[in-house]
Amino acid sequence: MKKVKRGDTVRVHYTRRLADGTVLDSSKRLAPLQFKIDGRQAIAGLETAVIGMRPGESKLATVSAEDAFGPYQAQRIQRVDREELPPDMEIAVGQQFEIIRPDGQRTPVIIKEVSDSRVTLDANHPLAGMNLFFDINLLSIL
């Protein structure tokens, strides 16, 4: 039976967890996840875990932070004066929105702290710095 290799398109069911067992998401009640093993459609660690699997096989894969959403980077934290944000914007810890950088790129940020005069923004992915654990079931190679 054929094994997954780079360039293949696969369909998998997965459950993604944190180290403490918290389930982040799962495809089991939804449609299977379909992606090409090409370094652009899924996180690197998931692609690597699927390579070599055969349809019908299941495995538990540990994906390091570096092969998931990268390390947490302190330099991606920015403190801004409150008046730099739109005056009608509701500002609350945990709120997510996008900022537009000087080069025109949009960057998602999360509000981490709020004071009377300043707001702390975090441009790290919410899962940056975290190892992830995947239960993977390879359904097919397309």
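Last residue of the sequence shown? That's 146 in the working numbering, and every number before it is there in order.
Cβ atoms here follow ideal geometry from the backbone N, Cα and C, with glycine treated the same way.
Check whether residue i and residue j have beta carbons under 8 Å apart
i	j	result
V123	V84	yes
V54	V16	yes
G60	L146	no
I47	D29	no
S2	V8	Lying outside 5 to 146, the shown extent of the chain, residue 2 is not represented and no answer is given.
Top-ranked residue by Cα proximity to residue i, from the options
i	options	result
M134	V14, V8, M5, L22	L22
L136	P90, G56, V67, Y76	V67
G43	P36, T52, A35	T52
Length of the line joining the Cα atoms of residue i and residue j
i	j	result
F73	T111	15 Å
R10	P106	37 Å
I95	K116	10 Å
P90	M57	50 Å
V118	E88	13 Å
Q99	M5	48 Å
F138	Q45	16 Å
G49	S121	41 Å
Y18	G25	14 Å
G108	L34	35 Å
F39	I104	29 Å
D86	R20	Here residue 86 is Arg; the residue named in the question, Asp, does not match the sequence. One C-alpha to the other measures close to 36 Å.
M93	P75	30 Å
F101	P130	13 Å
Cβ separation of residue i and residue j, assumed to be a contact under 8 Å, to the nearest whole Å
i	j	result
D126	R80	7 Å
Q77	N128	6 Å
S31	I140	That belief does not hold up - the Cβ atoms of S31 and I140 are roughly 10 Å apart, past 8 Å.
A132	A69	7 Å
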